[in-house]
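Residue numbering for the sequence shown follows the numbering used here, starting at 6 and increasing by one per position. Just so you know, even glycine gets a beta-carbon here, dropped at the ideal spot from N, CA and C. What follows is a set of notes on a single structure, which appears directly below.
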Amino acid sequence: MSPMKNEAVADLVSNTLEELLDQVRGDRSGELADYIPQLAQVDPEGLALSVVSSTGRIYAVGDHDQHFTLQSASKPFVYALALSQRGPDVVHERVGYEPSGEPFNAISLDAEGRPANPMINAGAIVTSSLIEGATPDARFEAIRHCVSAFAGRELELDEAVYASETATGHRNRALANLALAAGTLDRTVIDATDVYFRQCSLKVTATDLAVMGATLSNNGVNPLTGVQVMTPEVVRRTLAIMLSCGMYNYSGYWMNDVGLPAKSGVGGGIVAVSPGKFGVGTYSPRLDPSGSSVRGVAALRLMSNQLGLHLLNHPSEAAASFNADDSSFDNLILRMRGELDFACVERIVHELSEHGDTIKSVHMDLGESTAVVPTARGMLKDLQEVLAHEDIPITIDDPRDFIETEPHLKAPEPHVADAHAPLPENQ
Ligand code: GLU
6 MSPMKNEAVA DLVSNTLEEL LDQVRGDRSG ELADYIPQLA QVDPEGLALS
56 VVSSTGRIYA VGDHDQHFTL QSASKPFVYA LALSQRGPDV VHERVGYEPS
106 GEPFNAISLD AEGRPANPMI NAGAIVTSSL IEGATPDARF EAIRHCVSAF
156 AGRELELDEA VYASETATGH RNRALANLAL AAGTLDRTVI DATDVYFRQC
206 SLKVTATDLA VMGATLSNNG VNPLTGVQVM TPEVVRRTLA IMLSCGMYNY
256 SGYWMNDVGL PAKSGVGGGI VAVSPGKFGV GTYSPRLDPS GSSVRGVAAL
306 RLMSNQLGLH LLNHPSEAAA SFNADDSSFD NLILRMRGEL DFACVERIVH
356 ELSEHGDTIK SVHMDLGEST AVVPTARGML KDLQEVLAHE DIPITIDDPR
406 DFIETEPHLK APEPHVADAH APLPENQ
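In structure tokens form, the structure reads like this:
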């Protein structure tokens, strides 16, 4: 394929995203967040949609380089850091797992004094207080470092938003006081909320959010930098909380309607994840009454419906698919795509066993695979041995060494598909 055609193919994706944004552009409903005065200063028209694949391809349309503050979209990433430092038992002694069905800033503590979940303010303040570090500065630096690793670049603090939030964050300090009184907060209220306000005031773009989401979609490996930011287990737990609690008192509806792990913030951003496939970042600062971006929610609803992304869309289909190029099964060529899971390898094994008599050779191409889950990896190794034993030659094209190396530890080569949207060095 000539480079000309290649670009045209890449544009097909960006054009689809542009068309999606066009469908929501005209919606001017909602209000800018004004309880943090600085947030009311932004241009209400900003609108962006970025998608980053688990293999590191970037597609970004609209105002994708416009900065805004992370706000509550910081919560899943700080939760992931707390889980990785303290483990789920310690974290969940202090904060629950359950959707609260209440607004983000609700006074929400259960009978044991725990906030309902880490995605509402009370729970996020407690989660953030669990981050290791002797001082608030050290704890914030640990958070900034971690969120930057998710984004693949150094994120900076928006000093004006931080100051504005500190000056007006009485309700958050009240929530921290209640957690302190209930014995769920080990820091002082001022220290705990100071770190929380700073994590909320980190500056990002829609593309940063998409890269952060892509890191979650890629089992914790940032697909642009290759850095393993979190373990697959922490990622799974984080995605579960995002799916059940990420959209505040809209979470149940979101689960039904969109069906993707996501987190919104009152800065106008939403990060969403299609596990094993891609991360999505949206930006549009007018908010609905639950505190989520009106046009961001609308864009993600469209994406989910039009691109068929709801997690429960195809419960009976394996996440990965394979094509057999040779229908005679003589010299079988298997091309794998996506995450190679148990179900996919089971299908391969089944096909091979059905046509075992006629197969003369097998070629397996993992070039488009994004991951091989541990069980599937073991099964593929076994399959190699069995075929060798049967004198059936098997060749495996495995450019990322999924089969030979520990699963999830290898990152795919970055590939920037949209020349207009390179990952900025310093936005
Ligand atoms: N910093 C905001 C607050 O605590 C975050 C709220 C949000 O984004 O939902 O009020």
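Under 7 Å from any heavy atom of the ligand GLU, does the C-beta of residue 298 make it? no
Meets three-Cβ-pair contact criterion under 8 Å: the region 227-247 and the region 80-87: Counting Cβ pairs under 8 Å, three or more are found: they touch.
Distance CB(residue 220)-CB(residue 286) smaller than 8 Å: Result no, Cβ atoms of residue 220 and residue 286 do not sit closer than 8 Å.
Would the beta-carbon of residue 385 fall within 8 Å of that of residue 350? Yes. Within cutoff.
Using the DSSP secondary-structure output, state which residues sit across from residue 208 in a beta bridge. 74
Short CB-CB distance (under 8 Å) between residue 207 and chain C: No chain C is present in this structure, which holds just one protein chain.
Buried or exposed: where does residue 43 fall if 16 or more other Cβ atoms within 10 Å of its Cβ makes it buried? buried
Consider the C-beta atom of residue 271 and the heavy atoms of the ligand GLU; say whether any pair is separated by less than 7 Å. yes
Neighbourhood of residue 121 by C-beta distance below 6 Å, restricted to the same chain and skipping five residues each side: 101, 103, 105 and 113
Under 6 Å Cβ to Cβ from residue 419, same chain only, skipping five residues before and after it: list those, please. Here residue 419 scores only 34 on pLDDT, less than 50, and its place in the model is too uncertain to base an answer on.
Close-in-space but distant-in-sequence residues of the same chain around residue 397 (CB under 8 Å, 5 per side omitted): Cβ neighbours of residue 397 beyond the five flanking positions: 364, 365, 366 and 367.
Looking only at C-alpha atoms, which of 58, 51, 25 and 358 sits nearest to residue 33? 51
Between the Cα of residue 182 and the Cα atoms of 127, 39, 309 and 109, which residue gives the shortest distance? 127
Using only the heavy atoms of the ligand GLU, determine whether one of them is closer than 7 Å to the beta carbon of residue 109. yes
Assess contact between the region 230-237 and the region 289-304, defined as three or more Cβ pairs (one per stretch) separated by less than 8 Å. Is contact present? no
Measure the C-alpha to C-alpha separation of residue 310 and residue 237 and round it to an integer number of angstroms. 27 Å
Neighbourhood of residue 255 by C-beta distance below 7 Å, restricted to the same chain and skipping five residues each side: 295 and 297
Tell me which same chain residues have a C-beta within less than 6 Å of the C-beta of residue 138, skipping the five on either side of it? 144 and 147
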